[in-house]
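Asks: Structure incoming, see below.
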Amino acid sequence: MAENVTLADYFRRGTTNIQWCEDLVAKHAHSDWVAEYYNTWSNLPFYMVAIFGMKRCVEMKLNRSFWAAEVVMFLGIGIGSTLFHAHQSRVAQYADEIPMTLLLIAQINGMEGTHPWLTSSIKGKQAPFYRWLHGFVACIWALYVYTNDYAFFTVVFSVQICTNFGMLGDCGRRLKHSQLNWYIAMTFIAVAKICWELERKLYRDGACDTPGALSLHPVWHLGAGIAHYFGMRQCAELLEFSNRGKLGNSKKIDKVD
Numbered sequence: 001m002a003e004n005v006t007l008a009d010y011f012r013r014g015t016t017n018i019q020w021c022e023d024l025v026a027k028h029a030h031s032d033w034v035a036e037y038y039n040t041w042s043n044l045p046f047y048m049v050a051i052f053g054m055k056r057c058v059e060m061k062l063n064r065s066f067w068a069a070e071v072v073m074f075l076g077i078g079i080g081s082t083l084f085h086a087h088q089s090r091v092a093q094y095a096d097e098i099p100m101t102l103l104l105i106a107q108i109n110g111m112e113g114t115h116p117w118l119t120s121s122i123k124g125k126q127a128p129f130y131r132w133l134h135g136f137v138a139c140i141w142a143l144y145v146y147t148n149d150y151a152f153f154t155v156v157f158s159v160q161i162c163t164n165f166g167m168l169g170d171c172g173r174r175l176k177h178s179q180l181n182w183y184i185a186m187t188f189i190a191v192a193k194i195c196w197e198l199e200r201k202l203y204r205d206g207a208c209d210t211p212g213a214l215s216l217h218p219v220w221h222l223g224a225g226i227a228h229y230f231g232m233r234q235c236a237e238l239l240e241f242s243n244r245g246k247l248g249n250s251k252k253i254d255k256v257d
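With full-length UniProt numbering applied, the sequence shown corresponds to residues 1 to 257, in that order.
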């Protein structure tokens with residue numbers, strides 16, 4: 001059911017639809033300004049990875065989708081997540097979650113042409129797969145905003161993550177390109193997800209005072225940041241490798257002609 005909320009409610013502290021262990025057992029423990037101290041400061045890796053991503057975009061002359069995923073949206077996640085854990089307002093939560101969704105859209109858009117599902121037969125138009133995926137994301141997000149049920153965001157984010165990583169792995173397999181970056185990214189996102197789920201279980205079990213519980217969500221931040229770095233590195237290499245192959249094929253055709 002939709003909630004009856006005013007605009008002011010979106011900016012009021014404590015209006016997020018999810019609570020973390022740190023908020024439960026150590027809220028404002030270190031500062032009146034920061035609700036979740038460790039969950040807030042652990043966003044620093046996001047800013048660092050965005051800087052490395054900017055360097056990669058410049059050096060490899062990557063397209064706008066890569067700039068969006070590597071720099072704009074990842075900085076947005078860092079800022080949004082910092083506000084989310086520090087302020088705990090609904091609008092701060094959206095400032096974290098919207099860039100997360102847009103980043104994954106930009107990432108898979110940047111892979112266009114590297115996989116049969118991501119390649120359109122009509123020049124200048126996206127493949128049908130993109131329309132189905134982005135349409136699904138838009139529908140689930142509409143339900144999420146309408147109901148304010150965090151489960152909807154979990155579903156859409158999980159589907160995007162699995163789709164992007166699955167497509168990335170299959171692209172590498174088809175192009176016979178090194179999968180090292182992909183394996184590293186998969187390892188870190190898996191460890192990060194395990195820490196996420198452990199923190200959620202401790203919260204559900206009322207065991208947030210367990211030693212080490214407050215470090216689990218920060219590890220999620222760190223692992224997700226590292227996974228993003230290596231995942232985008234794999235994306236960039238695959239795009240470059242794919243374009244180089246297409247260029248080589250076109251030169252062969254020219255010689256035959």
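All C-beta atoms in this analysis are idealised placements derived from N, C-alpha and C, irrespective of residue type, glycine included.
If F188 and G166 are in contact, beta carbons under 8 Å, what's the gap, nearest whole angstrom?
Replies: Not confirmed; about 16 Å, so no contact.
Asks: Hey, is the segment 51 to 65 in contact with the segment 33 to 40, meaning 3+ C-beta pairs nearer than 8 Å?
Replies: no
Asks: Assign H85 to buried or exposed, taking buried as 16 or more other Cβ atoms, counted over all protein chains shown, within 10 Å of its Cβ.
Replies: buried
Asks: What did DSSP end up calling R13 once you bin it into helix, strand or coil?
Replies: Reduced to three states, the DSSP call for R13 is strand.
Asks: In chain order, what residues of the same chain lie with their CB nearer than 8 Å to the CB of H134, ignoring the 5 residues before and after it?
Replies: I105
Asks: Is it buried or exposed, H177, if we count other Cβ atoms within 10 angstroms and call 16 or more buried?
Replies: buried
Asks: Could you compute how far the alpha carbon of Q198 sits from the alpha carbon of E22?
Replies: Here residue 198 is Leu; the residue named in the question, Gln, does not match the sequence. Rounded to whole angstroms, L198 to E22 spans 13 Å at the Cα level.
Asks: Hey, how far is the Cα of F46 from the Cα of F74?
Replies: The straight-line gap from Cα to Cα measures roughly 7 Å.
Asks: What runs of the alpha helix (DSSP H), each 4 residues or longer, lie entirely inside the segment 84 to 147?
Replies: 90 to 110 and 128 to 147
Asks: According to DSSP, is V191 helix, strand or coil?
Replies: helix
Asks: Give every residue of the same chain whose Cβ lies closer than 6 Å to the Cβ of H217, excluding the five residues on either side of it in the sequence, and list them in chain order.
Replies: W20, N39 and E199
Asks: Which two residues bound the contiguous alpha helix (DSSP H) that contains T40?
Replies: Y37 to W41
Asks: Look at the alpha carbon of W182 and the alpha carbon of A8, and state the distance between them as a whole number of angstroms.
Replies: Going by C-alpha positions, W182 is about 43 Å away from A8.
Asks: Can you give me the Cβ contacts of V155 inside the same chain, cut-off strictly under 7 Å, excluding the 5 residues immediately before and after it?
Replies: I140
Asks: How about M60 and A185: are their beta carbons less than 7 Å apart?
Replies: no
Asks: For the alpha helix (DSSP H) containing Q160, list its first residue and its last residue.
Replies: Y150 to L175
Asks: Could you tell me the distance, in whole angstroms, from the CA atom of R13 to the CA atom of V34?
Replies: So the alpha carbons of these two residues sit roughly 11 Å apart.
Asks: Where does N63 sit, in a helix, a strand or coil, going by DSSP?
Replies: If DSSP states are grouped into helix, strand and coil, N63 belongs with coil.
Asks: Going by DSSP in three states, V219 sits in which element: helix, strand or coil?
Replies: helix
Asks: In whole angstroms, give me the CA-to-CA distance for A138 and L202.
Replies: 32 Å
Asks: Given 6 Å as the limit, tell me if I184 has its C-beta closer than that to any heavy atom belonging to the ligand MG.
Replies: Questions concerning the ligand MG fall outside what the structure shown contains, since it holds no ligand whatsoever.
Asks: The alpha helix (DSSP H) that contains T70, what's its start and end?
Replies: First, the amino acid is wrong: residue 70 is Glu here, not Thr. Unbroken run through E70: none, as it is neither H nor E.
Asks: Note down the Cα distance separating S120 from S65, rounded to an integer number of angstroms.
Replies: 17 Å
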